[in-house]
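Every letter in the sequence shown is one number past the one before it in this note's numbering, and letter 33, counting from 1, is 69.
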Amino acid sequence: MDKQYSIREVSAKFNLPASTLRYYEEVGILTDIPRNSSGKRIYLEKHINRLKTICCFKNTGMSISQLQEFFQYEQQEPSHIDDILKLLTNQKNHILAQLAKMQHDYKHIQKKLAYYQAMKTAVDNHTALPNWQDYKCDN
Numbered sequence: 037m038d039k040q041y042s043i044r045e046v047s048a049k050f051n052l053p054a055s056t057l058r059y060y061e062e063v064g065i066l067t068d069i070p071r072n073s074s075g076k077r078i079y080l081e082k083h084i085n086r087l088k089t090i091c092c093f094k095n096t097g098m099s100i101s102q103l104q105e106f107f108q109y110e111q112q113e114p115s116h117i118d119d120i121l122k123l124l125t126n127q128k129n130h131i132l133a134q135l136a137k138m139q140h141d142y143k144h145i146q147k148k149l150a151y152y153q154a155m156k157t158a159v160d161n162h163t164a165l166p167n168w169q170d171y172k173c174d175n
């Protein structure tokens, strides 16, 4: 039999509030959660695996409605392969755009860091302060 988890354990494992887990159930992206005799939710490995996917996709910026679409398509996989591919390709392109922006922002931070390190060195050595024009990013 699968290991069973309480809502508190799943909440801690994924660093999600219990209300978020209940919301995921309400909107249909986390399904078939049995209850014990007291009415408390019992999460199984299949729910843990689904939550890993949900968290991964959410971390990439996928919306709840996109997650709903994905899991609907996945239930009828053979007839929705093209839809799944389109949704995942769009998400991949979104991630690539985010990565490009992050790379640009990273370079800007690096230049700021170099500028302020040069400024600290100049102050410590009582020499001329650096000129930001020598460090700033080209947009």
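Ideal Cβ placement from N, Cα and C applies to all residues, glycine included.
Beta-carbon within less than 8 Å of Leu-165's beta-carbon, same chain only, minus the 5 sequence neighbours each way: which residues are those? Position 129 of the sequence shown, counted from the start, is the residue given in the question as residue 165. These residues qualify, in order along the chain: Met-155, Ala-158, Val-159.
Does the separation of the CB atoms of Gly-97 and His-140 fall below 7 Å? The residue labelled residue 97 in the question sits at position 61 within the sequence shown. The residue labelled residue 140 in the question sits at position 104 within the sequence shown. For Gly-97 and His-140, no; Cβs fall outside 7 Å.
Cβ neighbour criterion (16 or more within 10 Å) applied to Tyr-79: Here residue 79 refers to the residue found at position 43 when the sequence shown is read from its first residue. By the Cβ-count criterion, Tyr-79 is buried, with 16 or more other Cβ atoms from all chains shown falling within 10 Å of its own Cβ.
Quick check on the DSSP output: what are the complete alpha helix (DSSP H) runs of length 4 or more inside the region 37 to 105, in order along the chain? Taking only runs of at least 4 residues, the alpha helix (DSSP H) segments lying wholly in the region 37 to 105 are 43 to 50, 54 to 62, 81 to 95.
For Tyr-142, the first and last residue of its enclosing alpha helix (DSSP H): Residue 142 sits at position 106 when you count from the first residue of the sequence shown. 117 to 161 is the extent of the alpha helix (DSSP H) around Tyr-142.
Count the C-beta pairs between the region 60 to 72 and the region 100 to 115 that are closer than 8 Å, then say yes if the count reaches three, no if not. Touching, yes, given that three or more Cβ pairs across the two stretches are closer than 8 Å.
Report buried or exposed for Tyr-109, applying the criterion of at least 16 other Cβ atoms within 10 angstroms of its Cβ. Mapped onto the sequence shown, residue 109 falls at position 73. So Tyr-109 ends up on the buried side.
Leaving aside the five residues before and after Cys-173 along the sequence, list all residues of the same chain whose C-beta is less than 7 Å from its C-beta, in chain order. Counting from 1 along the sequence shown, the entry for residue 173 is found at position 137. Excluding positions up to five away in sequence, the list reads Lys-143, His-144, Lys-147.
Rounded to the nearest angstrom, what separates Ala-48 and Asn-161 at their Cα positions? In the sequence shown, counting from the first residue as 1, residue 48 sits at position 12. In the sequence shown, counting from the first residue as 1, residue 161 sits at position 125. If you take the alpha carbons of Ala-48 and Asn-161, they lie about 51 Å apart.
According to DSSP, is Pro-114 helix, strand or coil? As a working mapping, residue 114 is identified with position 78 in the sequence shown. Residue state for Pro-114 is assigned as helix, using DSSP reduced to three classes.
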